[in-house]
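**Student:**
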Amino acid sequence: MTTSTHILIITLICLILISLSLLAIMGKLDRWYSWSQADNDKPSEQRIARWRRAFAIEILIATVAIVVLNATDIFDEYASYLFIALGVAGAMIEKGWIRKV
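According to my numbering, the stretch in the sequence shown is residues 45 to 145, in order.
This is the structure we're talking about:
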């Protein structure tokens with residue numbers, strides 16, 4: 045794969061991730077979260093807002109990390125650690141352990 049093709053693929057991935065982040069912030073991805081149709085089972089608006097922020101922050105962190113790690117040619121080596129860290133961060137935000145978001 046040539047360098048220009050590699051840069052184009054990374055750019056497209058980052059644009060898609062940034063678009064997903066913006067959709068999450070605007071609440072357009074709420075149907076991806078699962079809850080039953082009963083009103084008493086539906087999470088509170090505050091919890092849904094936390095999910096939105098957590099999802100958006102995870103995507104933005106992933107975008108920055110992909111760009112930085114790809115620029116240093118160590119993405120393949122540390123990609124699994126990155127996604128584990130993103131999962132932990134998202135869970136901490138969703139549970140309310142990180143409140144300054």
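Every residue gets a Cβ at the ideal spot worked out from N, C-alpha and C, and that includes glycine.
Every value quoted in this text rests on a predicted model; they were computed, and no experiment measured them.
Three or more C-beta pairs closer than 8 Å, one from the region 47-56 and one from the region 95-105: is that the case here?
**Tutor:** No, the region 47-56 does not touch the region 95-105.
**Student:** Please classify I60 as buried or exposed, where buried requires at least 16 other C-beta atoms within 10 Å of its C-beta.
**Tutor:** Looking at its Cβ environment, which holds fewer than 16 other Cβ atoms inside 10 Å, I60 is exposed.
**Student:** What would DSSP say about S88, mapped onto helix, strand or coil?
**Tutor:** Reduced to three states, the DSSP call for S88 is coil.
**Student:** Spatial neighbours of I62 within its chain, please: CB distance less than 7 Å, with the 5 preceding and 5 following residues excluded, ordered by chain position.
**Tutor:** Hits under 7 Å: T107.
**Student:** Do you know offhand how far V111's Cα is from W95's?
**Tutor:** Approximately 24 Å between the Cα atoms of the pair.
**Student:** If you count every other CB in all the chains shown that lies within 10 Å of the CB of L64, and 16 or more means buried, which is it?
**Tutor:** It counts as buried.
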